[in-house]
């Protein structure tokens, strides 16, 4: 498995370099395979085509996030934010490669369309998770939070991709903390000292399902 991951990484890097230097449409699968030091058949076993090479990281990330969210979390809203941070950290780890991918996607219409679909898949993953993790949650709350987290993440990530300077994870974390406050689910709102009497005060904007979850956690 480790060797397979390294192989995929090498093929992706070789493909992006070729796409960047000679153009996406002008680059053949045979050229990519030769540059990566693999056979044509190996390429097709690892990827479905040239488009799939560009979005290979996203496919792996989406699967990783599904596993992470399925583990179960006491704070579902926070789990979505943590998933978003994980995606950002992945691309920030190798910003040069991420910027090269970004340039290629911006220049090729078919890749831009694929990117829109990929962004929606993250939103849908977060939305589905919140609906399952918070029984009774208003669907508008779930889809709204999922969309907002995804939009904020992409805004911060674009700062990294369009520039030349490092954008720290703390920038995204601060933005997501603001999202939670605006949405009425701040990270520190569920922490309180145990007592015989529970007095709860919640923001008017807090989703009903989240109010119920926090009351239940205090009463259990």
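Numbering (the numbering used here), first residue to last: 8 to 227.
Note that beta-carbon positions come from the ideal geometry of N, C-alpha and C, so glycine has one too.
If residue i sits next to residue j, beta carbons under 8 angstroms apart, how far is it from one beta carbon to the other, in whole angstroms?
| i | j | result |
| --- | --- | --- |
| residue 159 | residue 186 | 6 angstroms |
| residue 85 | residue 194 | 6 angstroms |
| residue 50 | residue 18 | 7 angstroms |
| residue 92 | residue 179 | 6 angstroms |
Under a Cβ-count criterion, where at least 16 other Cβ atoms within 10 Å of its own Cβ denotes burial, should residue i be classed as buried or exposed?
| i | result |
| --- | --- |
| residue 147 | exposed |
| residue 172 | exposed |
| residue 222 | exposed |
| residue 13 | exposed |
| residue 61 | buried |
| residue 181 | exposed |
| residue 39 | buried |
| residue 127 | exposed |
| residue 215 | exposed |
| residue 94 | buried |
| residue 176 | exposed |
| residue 100 | exposed |
What is the residue span of the alpha helix (DSSP H) that residue i lies within?
| i | result |
| --- | --- |
| residue 80 | Element bounds for residue 80: n/a, residue is neither H nor E. |
| residue 116 | 116–140 |
| residue 149 | 146–169 |
| residue 177 | 176–190 |
| residue 46 | No alpha helix (DSSP H) contains residue 46, which DSSP labels as neither H nor E. |
| residue 57 | 57–61 |
Return no unless some Cβ of chain D is closer than 8 angstroms to the Cβ of residue i.
| i | result |
| --- | --- |
| residue 179 | Protein chains in the displayed structure number just one, and chain D is not present. |
Could you check whether the segment 101–114 touches the segment 162–170, counting it as contact only if at least three pairs of C-beta atoms, one from each stretch, sit closer than 8 angstroms? Yes, since at least three Cβ pairs between the segment 101–114 and the segment 162–170 fall closer than 8 angstroms, the two stretches touch.
Can you find at least 3 beta carbon pairs, one from the segment 63–82 and one from the segment 129–149, that sit closer than 8 angstroms? Cβ pair count under 8 angstroms is three or more, so yes.
Cβ contact (3+ pairs, closer than 8 angstroms) linking the segment 66–73 and the segment 37–46: The segment 66–73, when compared against the segment 37–46, does not touch it at the 8 angstroms Cβ threshold.
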